[in-house]
Amino acid sequence: MRISTKGRYALRMLVDLAEHRDNGFTALKDIAKRQNVSKKYLEQIVPVFNKSDILQTNRGFQGGYRLAVAPDKCTVGEVIRLTEGSLSPLACIDDDDEVRCDRCNDCATLYVWQGLKKVVTDYLDSITLQDIIDKKHESFVNDYVI
Numbered sequence: 001m002r003i004s005t006k007g008r009y010a011l012r013m014l015v016d017l018a019e020h021r022d023n024g025f026t027a028l029k030d031i032a033k034r035q036n037v038s039k040k041y042l043e044q045i046v047p048v049f050n051k052s053d054i055l056q057t058n059r060g061f062q063g064g065y066r067l068a069v070a071p072d073k074c075t076v077g078e079v080i081r082l083t084e085g086s087l088s089p090l091a092c093i094d095d096d097d098e099v100r101c102d103r104c105n106d107c108a109t110l111y112v113w114q115g116l117k118k119v120v121t122d123y124l125d126s127i128t129l130q131d132i133i134d135k136k137h138e139s140f141v142n143d144y145v146i
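Structural data, given as structure tokens:
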């Protein structure tokens with residue numbers, strides 16, 4: 001499984017919004033500048049979150065985006081599923097019955113792929129935006145020179 005640029009940038013955008021949530025709505029140009037990402041690319045990512053409860057949008061003067069949920073309630077797994085689709089390493093173990101192969105019931109290796117999906121899903125669902133922020137701040141606190 002590979003996470004695309006879209007998934008990585010979406011996660012960075014949401015972490016940025018979480019870090020600046022006390023500032024109200026944030027313009028994409030500000031996020032793009034802080035994250036060194038193209039504003040146009042972020043504009044393509046935002047619609048992915050329109051149908052989710054993660055992002056809130058405000059148009060007009062002082063408009064922009066902000067998290068609609070607390071950073072400790074949004075997981076990396078949720079973000080990746082929204083941007084990438086499934087976390088399954090193979091189509092045959094997706095929840096979609098139409099993509100299952102004919103050998104699914106007799107596949108000797110099926111449990112390997114199901115186990116991999118479970119490990120990846122459990123791991124990504126255990127990390128929140130707040131965890132990422134805390135880890136980032138922890139590394140800055142321990143980064144001092146005398």
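To convert, note that position 86 of the sequence shown is 86 in our numbering; the numbers rise steadily by one, no gaps.
Just so you know, even glycine gets a beta-carbon here, dropped at the ideal spot from N, CA and C.
A quick note: this is a predicted structure, and the numbers were derived from the prediction, not measured.
Does the Cβ of residue i have 16 or more other Cβ atoms within 10 Å, making it buried, or fewer, making it exposed?
i    : result
S88  : buried
P47  : exposed
F61  : exposed
T26  : buried
Y123 : exposed
Look at residue i and residue j and say whether their C-beta atoms are less than 9 Å apart.
i    : j    : result
R66  : G7   : no
R12  : Q35  : yes
I93  : L82  : no
P71  : Q130 : yes
K29  : K39  : yes
T128 : V76  : yes
I3   : E78  : no
According to DSSP, simplified to helix, strand and coil, what is residue i?
i    : result
L129 : helix
Q56  : strand
R66  : strand
T26  : strand
Candidates the options: which alpha carbon is nearest residue i's?
i   : options               : result
L55 : V119, V15, S139, T121 : V15
V69 : V112, A18, I31, D106  : A18
C74 : D125, R21, V120       : D125
Tell me whether residue i counts as near the ligand ADP, meaning its Cβ is closer than 8 Å to at least one heavy atom of that ligand.
i    : result
C107 : Looking at this structure, you won't find the ligand ADP or any other ligand, since it has none at all.
My understanding is that residue i touches residue j, with C-beta atoms under 8 Å, so please give their C-beta distance in whole angstroms.
i  : j    : result
M1 : V112 : Actually they do not touch by this definition, with Cβ atoms about 14 Å apart.
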